[in-house]
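*Asks:*
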Amino acid sequence: MNLTNFNTNEEFFVDMQRCIGCKACEMACAECETNGQQTLISVNYVDRSSTIQTTVQVCMHCEDPVCANVCPADAISQDEFGIVHTANTERCIGCSNCVMACPFGVPKKVEEYDLMMKCTMCYDRTSVGKKPMCATVCPSGALFYGTREQIEEMRPNSTPINNFIFGQEKVKTKVNIMMPKGSNELRIY
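Each residue of the sequence shown is one higher than the one before, starting from 1 at the first, in the UniProt record's numbering.
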């Protein structure tokens with residue numbers, strides 16, 4: 001019996017080119033009570049010395065999450081919807097294996113709690129049919145939570161992809177990155 005209202009037709013889409021660096025997503029995330037008022041999303045400069053371009057970094061919610069695979073305390077879990085949850089406070093030993101293993105650089109060790117924390121796609125909201133906080137406040141549309149049909153209508157010259165190649169390692173994610181039309185993967189060297 002499903003005890004949530006998680007909408008499996010809705011997905012998370014990130015359009016890096018649309019990020020304006022306003023940090024509204026960080027502020028909205030920090031307002032969330034479930035993460036101790038820590039922001040679990042980050043806005044980063046691409047190359048601060050030569051451009052003002054920023055990107056937003058969210059957990060990609062990998063199909064086979066390496067962060068959970070390397071956790072010696074079995075503190076990181078993935079649910080039936082593919083959401084990779086932040087470390088269980090009762091199990092996390094603060095070893096930072098997950099921080100070092102994530103190919104996207106998402107988990108952060110919060111020293112004051114001696115705990116790994118990361119974006120959970122606002123599971124407290126998405127599990128009851130609401131959208132993640134960051135996506136609801138993004139003024140430029142860099143973060144969008146909705147159906148594939150909606151994003152295709154909004155971005156007709158882009159293709160959402162969730163296949164990444166890091167050297168020889170292939171990673172498939174729940175979160176999509178918007179790429180030029182016709183793309184099917186992103187190679188990171």
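Where is the CB? At the ideal position from N, CA and C, for every residue including glycine.
(1) Where does V171 fall in DSSP's three states?
(2) Return the CA-CA distance between K109 and C71, expressed in angstroms with no decimal places.
(3) In the DSSP assignment, find the unbroken alpha helix (DSSP H) run with N44 in it and report its ends.
(4) With C-beta atoms as the reference, is T55 less than 8 angstroms away from V46?
(5) So M178 and F6 are in contact, right, with Cβ under 8 angstroms, and what is the actual spacing, rounded?
(6) D64 and G141 - do their beta-carbons sit closer together than 8 angstroms?
(7) Is the CB-CB distance between I41 and Q53 below 8 angstroms?
(8) N171 and C62: beta carbons closer than 8 angstroms?
(9) Does the Cβ of M1 have 16 or more other Cβ atoms within 10 Å, making it buried, or fewer, making it exposed?
(10) Taking Cβ positions, are T86 and M117 nearer each other than 8 angstroms?
(11) On the CB-based measure, 16 or more other CB atoms within 10 Å of its CB, does F166 come out buried or exposed?
(12) On the three-state DSSP scale, how would you describe M1?
(13) Are the beta-carbon atoms belonging to T173 and F81 less than 8 angstroms from one another?
(14) Which ranges does the beta strand (DSSP E) cover as unbroken runs of at least 3 residues, wholly within the segment 102 to 157, from first to last along the chain?
(15) With burial defined as no fewer than 16 other Cβ atoms inside 10 Å of the residue's Cβ, what is the status of N69: buried or exposed?
*Replies:* Based on what the coordinates show:
(1) As a working note, residue 171 is residue 171 in the sequence shown. Three-state result, V171: strand.
(2) Stepping through the sequence shown from its first residue, residue 109 is reached at position 109. Stepping through the sequence shown from its first residue, residue 71 is reached at position 71. Going from the Cα of K109 to the Cα of C71 covers about 13 angstroms.
(3) To locate residue 44, count along the sequence shown from 1; it is residue 44. No alpha helix (DSSP H) contains N44, which is instead part of the beta strand (DSSP E) from S42 to Y45.
(4) For the purposes of this step, residue 55 is taken as the residue at position 55 of the sequence shown. For the purposes of this step, residue 46 is taken as the residue at position 46 of the sequence shown. Contact: yes.
(5) As a first step, residue 178 is located in the sequence shown; it is residue number 178 there, counting from the start. As a first step, residue 6 is located in the sequence shown; it is residue number 6 there, counting from the start. Cβ atoms of M178 and F6 stay farther apart than 8 angstroms, at about 23 angstroms.
(6) Taking the first residue of the sequence shown as position 1, residue 141 is located at position 141. Taking the first residue of the sequence shown as position 1, residue 64 is located at position 64. The answer is no: Cβ separation not under 8 angstroms.
(7) To locate residue 41, count along the sequence shown from 1; it is residue 41. To locate residue 53, count along the sequence shown from 1; it is residue 53. In this structure, Q53 does not lie closer than 8 angstroms to I41 by Cβ.
(8) On the sequence shown, position 171 is the one that residue 171 refers to. On the sequence shown, position 62 is the one that residue 62 refers to. What sits at residue 171 in the sequence shown is Val, not Asn. Yes, the Cβ-Cβ distance between V171 and C62 is below 8 angstroms.
(9) Residue numbering aside, residue 1 sits at position 1 when the sequence shown is read from its first letter. Its pLDDT being 44, under 50, M1 is placed unreliably by the model, and the measurement read from it follows with that caveat. The residue is exposed, with fewer than 16 neighbouring Cβ atoms inside 10 Å.
(10) By 1-based counting over the sequence shown, the position of residue 86 is 86. By 1-based counting over the sequence shown, the position of residue 117 is 117. Against a cut-off of 8 angstroms, the Cβ pair of M117 and T86 comes out as a contact.
(11) The residue labelled residue 166 in the question sits at position 166 within the sequence shown. Classification for F166: exposed.
(12) For the purposes of this step, residue 1 is identified with residue 1 of the sequence shown, where counting begins at 1. Caution is warranted here: a pLDDT of 44 is assigned to M1, below 50, making its placement in the model unreliable, and the coordinate value is therefore given only provisionally. Annotated three-state conformation of M1 is coil, per DSSP.
(13) Your numbering for residue 173 matches position 173 in the sequence shown. Your numbering for residue 81 matches position 81 in the sequence shown. Contact check for T173 against F81 fails: the beta carbons are separated by 8 angstroms or more.
(14) 108 to 110, 115 to 117 and 143 to 147
(15) For the purposes of this step, residue 69 is identified with residue 69 of the sequence shown, where counting begins at 1. An exposed status is given to N69, since fewer than 16 other beta-carbon atoms sit within 10 Å of its beta-carbon.
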